[in-house]
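> Have a look at this one before I ask anything.
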Amino acid sequence: MKKINTLFCISIALTLLASGCIQLCYESPGRIKKAAQYTSQIPITVKELRGKVDCDTSQYKVLVLYNYCCGACRKRFHDTYYRLWHEWDSSLVSWYFVQNDCSGVKWNEDFLKHYGINTTMYYIRDDSPEYLSCEGNFTNCFFGRHITDEATGTPTTYILDKNGTLKLAYYTYDDGSSSVEPLELHHLAIPLDEVNFQTIDTLAWTF
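Heads up, the sequence shown is in the numbering used here, so the first residue is 713 and it goes up one at a time.
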């Protein structure tokens with residue numbers, strides 16, 4: 713019976729994959745090549761992205777690092793990014809939506825349109841030794857300094873003032889661990905113009 717149930721589950725999964733109800737996001741040489749067909753989305757290195765953000769000195773900046781297939785990302789788009797994108801004055805805030813790789817490029821444009829987000833679409837395509845040496849820590853690589861020991865997961869948001877200062881938080885967890893991380897956008901409890909970017913907030917967080 714157990715074998716039959718396993719085979720049934722596998723057959724259902726394969727059927728859903730074939731019908732397009734389930735998408736698997738993984739970066740491969742084939743997908744890297746195909747990503748170039750989606751000309752509305754722009755491959756960018758970490759250094760190039762940093763240059764764009766640094767040149768933007770007239771507004772607050774919010775950089776969202778995400779992946780189309782990430783369940784937590786979908787939750788944050790639904791409960792935070794969608795709402796703030798439409799609430800915040802676009803003349804005061806610049807948004808950068810950046811996929812962490814090219815694996816979800818095929819579906820990304822429709823995904824953002826679903827939330828009414830119409831903006832330049834980027835994805836990280838970076839084979840530079842500097843980026844590869846960061847071993848998954850996008851945060852340290854992007855800012856060019858040590859901020860956290862943790863690998864950068866998705867979603868991660870970076871909130872910066874007009875001078876490019878990153879808002880940080882000291883997170884304490886119920887298992888006794890702690891870490892300094894970029895303050896996540898859904899933890900921002902006050903308007904941007906009231907944020908003190910020079911301080912590190914302390915937040916207790918339960919898994």
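For every residue, glycine included, the Cβ atom is placed at its ideal position computed from N, Cα and C.
For residue 878, which of helix, strand or coil comes out of DSSP?
strand
> Which ranges does the beta strand (DSSP E) cover as unbroken runs of at least 3 residues, wholly within the region 784-839, from first to last along the chain?
Here the runs fully enclosed are 805-811 and 833-836.
> Roughly how many whole angstroms lie between the Cα atoms of residue 787 and residue 850?
21 Å
> Could you tell me if residue 816 is buried or exposed, where buried requires 16 or more neighbouring beta carbons within 10 angstroms of its beta carbon?
buried
> Between which two residues does the alpha helix (DSSP H) carrying residue 747 extend?
741-747
> For residue 752, collect the residues of the same chain with a Cβ closer than 7 Å to its Cβ; drop the 5 residues on either side in sequence, then sort them by chain order.
821 and 833
> Go ahead and pull the three-state DSSP assignment for residue 893.
strand
> Evaluate the contact criterion for the region 754-773 versus the region 857-864: three or more CB pairs, one atom per stretch, below 8 Å.
no
> What does DSSP give as the partner residues of residue 872 in its beta bridges?
Per DSSP, 773 and 878.
> Residue 808: which of 777, 789, 782 and 825 sits nearest, CA to CA?
Ranking 777, 789, 782 and 825 by Cα distance to residue 808 puts 777 first.
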